[in-house]
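As structure tokens, the structure follows; a few thoughts come after it.
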Amino acid sequence: MDRVKLVEVGPRDGLQNEAARVPTAVKIELVERLADCGLRHIEAASFVSPKWVPQMADGAAVLAGIRRKAGVVYSALTPNLKGLAAALAAGADEVAVFTAASESFCQQNIHCSIDQSLARFTPVLAEARARRIRVRGYVSTVLGCPYEGDISPDAVARVAGALYRMGCYEVSLGDTIGTGTPGKARAMLAAVRREVPITRLAAHFHDTYGQALANLYAVLEEGVRIADCSVAGLGGCPYAKGASGNLASEEVVYLLHGLGFQTGVDLARLVETGHWISQQLGRENSSKVGRALGHQ
Ligand code: HMG
Ligand code: MG
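Note that the UniProt record's numbering has the sequence shown beginning at 1, numbered continuously upward.
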């Protein structure tokens, strides 16, 4: 049976935008619960400037506190060498660099141009390679930018191709503000797959306009087999006003199992975890599958 790799980004993308500080112990328990659900790739932390994203300032304590489960990859975002050094010292198994397909978003998010960001990643990849650490690459705003509107598929392909050629083993395509629709997603993918093998591409869709599941289905039909998701649909982006959560992991697992894909995830446990973290954050569970299957 065909398998889809899931990358759970709830502990990072899901929490980074929470206004109230989430206790480190809650973050640790979230990561452990997600691993117990069968998730094998968990983005657990982010080593960015605490001035810009204070919620992620305890990344080292989170990574240090996790009861590690064999076979699980615990990863972290690292925008530069400083972030890489901190992530490696904290024991991250894998790291991720991130840039964008739109100049304005890149400036807002990481305070440099796209080309400057790529130049900044070169030493990060060299150092990671020397340490035998795999690096994922993210491209934001692949289906629309909060400042520039439509983004051309060719612009996405250029950045995705550059990340792949510099050594990112996987490139995650982020619809940061969730404005994409399936037709746009297909057109974007058609351009990107000319630069990056489809087996190395991940779909990272936010659900602001309720299109994320439809967009995922569209790219699954085209052959994408890696999906990013966030338990209980947690999430947002501090530099993308109005961006809502990532596509909920519960929705993704329900869809994939319905289509006959294997994920290795126990949906009932995932639903339970979604309710637990929603309660911890004092917010309603954004996952429809979670609400339908849970006992609230
Ligand atoms: P900068 O402001 O351009 O300037 O930082 P800098 O490099 O000169 O550093 C400024 C200050 O930050 C200095 O401290 C540095 O030491 C410190 P000061 O001297 O002022 O006290 N600093 C750091 N501290 C901790 N860890 C580091 C680090 N680097 C520098 N790694 C930088 C550039 C990228 C660091 C900054 O702009 C930043 O941290 N931005 C935050 C970006 C972010 O986390 N965005 C959200 C994640 S991306 C996302 O959500 C999208 C994604 O989900 C995909 C999608 O949905 O599209 C991945
Ligand atoms: Mg995101």
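Glycine is no exception: its CB is placed at the ideal position from the N, C-alpha and C atoms.
**OP:** Examine the ligand MG and report whether any of its heavy atoms sits within less than 7 angstroms of the Cβ of residue 356.
**Re:** Any question about residue 356 goes unanswered here, given that the chain covers just 1 to 296.
**OP:** Output yes or no for whether 8 angstroms exceeds the beta carbon distance between ALA61 and THR24.
**Re:** Between ALA61 and THR24, the CB-CB gap stays under 8 angstroms.
**OP:** In angstroms with no decimal places, state the Cα-to-Cα distance between MET166 and GLN262.
**Re:** 31 angstroms
Original post:
Is the CB-CB distance between LEU6 and VAL196 below 8 angstroms?
Top reply: no
**OP:** Give a yes or no on whether the C-beta atoms belonging to MET56 and GLN116 are separated by under 8 angstroms.
**Re:** For the 8 angstroms CB-CB criterion, MET56 and GLN116 do not form a contact.
Subject >> Whole-angstrom distance between CYS168 and ASP175, CA atom to CA atom >> reply: 19 angstroms
**OP:** Could you check what DSSP says for ASN215 in three-state terms: helix, strand or coil?
**Re:** helix
Subject >> Rounded straight-line distance, which links the Cα of LEU30 to that of ALA187 >> reply: 36 angstroms
Original post:
With respect to 7 angstroms, is the separation between the Cβ of LYS184 and the closest non-hydrogen atom of the ligand HMG below this value?
Top reply: no
Original post:
Distance, Cα to Cα, ASP266 vs LEU259?
Top reply: 16 angstroms
**OP:** Within 10 angstroms of the Cβ of THR122, are there 16 or more other Cβ atoms? Answer buried if so, exposed if not.
**Re:** Exposed is the call here.
**OP:** Could you tell me which residues DSSP puts in a beta bridge with ALA202?
**Re:** BP columns for ALA202 point to SER172.
Subject >> Cα-Cα separation, ALA191 to GLY180 >> reply: 15 angstroms
Original post:
Where do the N-terminal and C-terminal ends of the alpha helix (DSSP H) with LYS27 fall, by residue?
Top reply: Counting along the chain, the alpha helix (DSSP H) containing LYS27 begins and ends at 24–36.
**OP:** Kindly indicate which three-state DSSP category ILE226 falls into: helix, strand or coil?
**Re:** If DSSP states are grouped into helix, strand and coil, ILE226 belongs with the strands.
Subject >> Whole-number beta carbon distance between GLY290 and GLY274, since they are thought to touch under 8 angstroms >> reply: 4 angstroms
Original post:
Quick one: does the C-beta of ASP13 sit closer than 7 angstroms to a heavy atom of the ligand HMG?
Top reply: yes
**OP:** Examine the Cβ distances between the segment 145–154 and the segment 97–107 and report whether three or more of them are shorter than 8 angstroms.
**Re:** Judged by pairs of C-beta atoms under 8 angstroms, the segment 145–154 touches the segment 97–107, as three or more such pairs exist.
Original post:
Bridge partners of ARG134, per DSSP?
Top reply: GLU94
Original post:
So is ASP13 buried or exposed if we call it buried at 16+ other beta carbons inside 10 Å?
Top reply: buried
Original post:
Helix, strand or coil: how does DSSP classify GLN279 here?
Top reply: helix
Subject >> Neighbourhood of ASP93 by C-beta distance below 7 angstroms, restricted to the same chain and skipping five residues each side >> reply: VAL73, TYR74, SER75
Original post:
Hey, out of ARG129, GLY282, VAL271, ASN285, whose CA is closest to LEU293's CA?
Top reply: VAL271
Original post:
Are the beta-carbon atoms of PHE205 and LEU163 separated by less than 8 angstroms?
Top reply: No, they are not a contact pair.
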